[in-house]
Structures are given as C-alpha cells and as structure tokens.
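Encoded as structure tokens, the structure appears first; notes follow it.
Below is the structure:
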C-alpha cells in the first residue's frame, strides 16, 4: 500500500498565477481533506471532499477550490496566488465508514509564491 | 466555532524526565487525534481517542481523553532524544458544521 501520495513535491509560482495540487488517497479510503500549514504553525483545514462533493469548508476564500474524482483522488486549485499562500499543503485521507475515521497524511506539497 | 489550545507551545526537557502536553478544546468532540511532525515532514498518526476515559499507550507515550473537561493529555515517560518533534492534537467536533481543527502544536526538544 503506497499510502497517501501528493504531487508535486515542491512548486514555485509568482503572484497572480494559478496552481493545482494533486492527492491520491490511501487504498480503501473515500474521503480527502486538504490543509494549509504555514511555517511554524499548525495545519489549517481548507475543505473536505466525499462522494465527489465538498462536505465541509474552513475559513478560506473562494480562490481555493477543489475537486474529487470517481477514483477518490482529489485536486486543490488556488487562483490569483498571493505571497501569503506560501505554505506546505497537506492532503489527508480517511474512510468515512470506519469507527476511528483516522486521517492519514500525505508528504505534502511545498508551495512558494514569489 | 471550535477552538483548540495546546500547552506548552515549547518544551525543552532532559532525557529520562517525564512531562505532559495538554490539549483543551471548546466544544463537544467526536474524536481526538494526536500526531507527530518532524521538521520538514508530514504528520504521523500516534493515537485516536473516541470516548471519555480512553487511554492509549505506545512506548514512552500515553494519551488520555476527558470529554467532560474537554481535555486530552499526551504524557511522555522517560524521554529520549528520538522523541524530539512537534506534537499536534486534532479535534473532530460533534456540533453541526464544526470542522477538523488542529491545536497550535507543542515543539518538544529532548536534550541528552
């Protein structure tokens, strides 16, 4: 089992550009959550996808959008990038039907906005 | 809105000593998780706690949950250098619309 995978590992963009990050969940998982972690801070919940729909959303602007595909993989899109969007973006997958609903995290994508 | 507070935020301790990290949260919780993060790395799952009075132990780490006090603790016994990392609690709130919310993290340094 490959676990949760994310791509790319690192990304450098300039202000105003758009970026797409990708996540493949752990085998057997059906839910994907995205988090933003700025340097030295705890991860902040962006949104969660289940059955190809956004189920919950954190306090992030509409510039942040996502998608979940029939194979449960997911994308995070950020439009009109700002310097403050520079962070580690973490994807976590879980199985909704499980008792623990444990979140397993991927290695993250380090986004730098110049 | 669910609020989660961890303390201390920074903890420097000597090998062989014991200490406790605290995680307080503001609303009814469905589940509570503890994670470890090494510098530049992702989060590693340590414990999942579901019910009041739950206690789980793995090696030198023990986690407990008191849902009435809205408090979880992560106790470190006889610390070793390899435990140096940042530890986060994560709460899944029970109230409608409550989101997955992390604490600020506790940066633990264990000195030889």
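Protein chains in written order, with the working numbering: chain A, 1 to 114; chain B, 1 to 112. Where is the CB? At the ideal position from N, CA and C, for every residue including glycine.
Taking all protein chains shown into account, residue 64(B) has 16 or more neighbouring C-beta atoms within 10 Å of its C-beta and is therefore buried. Taking C-beta separations shorter than 7 Å and ignoring five residues to either side along the sequence, the partners of residue 112(B) in its chain run 15 and 81, following chain order. Proximity of chain A to residue 92(B) at the Cβ level (cut-off 8 Å) is accounted for by 101, in chain order. For the segment 82-98 of chain A, the beta-carbon criterion of a distance under 9 Å to any beta-carbon of chain B is satisfied by 88, 90 and 92. As computed with DSSP, residue 90(A) is found in a beta bridge with 35(A).
Secondary-structure assignment with DSSP links residue 54(A) through a beta bridge to 49(A). By the 16-neighbour rule on beta-carbons within 10 angstroms, residue 69(A) is exposed. A straight line joining the alpha-carbon of residue 61(A) with that of residue 52(A) spans about 20 Å. For residue 52(B), no pairing in a beta bridge is given by DSSP. Counting only runs of at least 4 residues, the segment 27-96 of chain B fully encloses no alpha helix (DSSP H) element at all. As computed with DSSP, residue 110(A) is found in a beta bridge with 10(A) and 88(A). Residue 32(B) sits away from residue 76(B), with the two beta carbons spaced by 9 Å or more. Listed in chain order, the non-local C-beta contacts of residue 8(B) below 7 Å within the same chain comprise 106, local neighbours out to five positions each way being set aside. Between residue 104(A) and residue 87(A) the beta-carbon gap is near 20 Å, outside 8 Å, which marks them as no contact. By the rule that beta-carbons nearer than 9 Å mark a contact, residue 105(A) touches chain B. Residue environment: residue 103(B) is assigned as buried (16 or more neighbouring CB atoms within 10 Å of its CB, all protein chains considered). The alpha-carbon separation between residue 64(A) and residue 18(B) amounts to approximately 42 Å. The C-beta of residue 42(A) comes closer than 9 Å to at least one C-beta of chain B.
Pairwise C-beta distances place the segment 22-31 of chain B out of contact with the segment 23-36 of chain A, as fewer than three of them are shorter than 8 Å.
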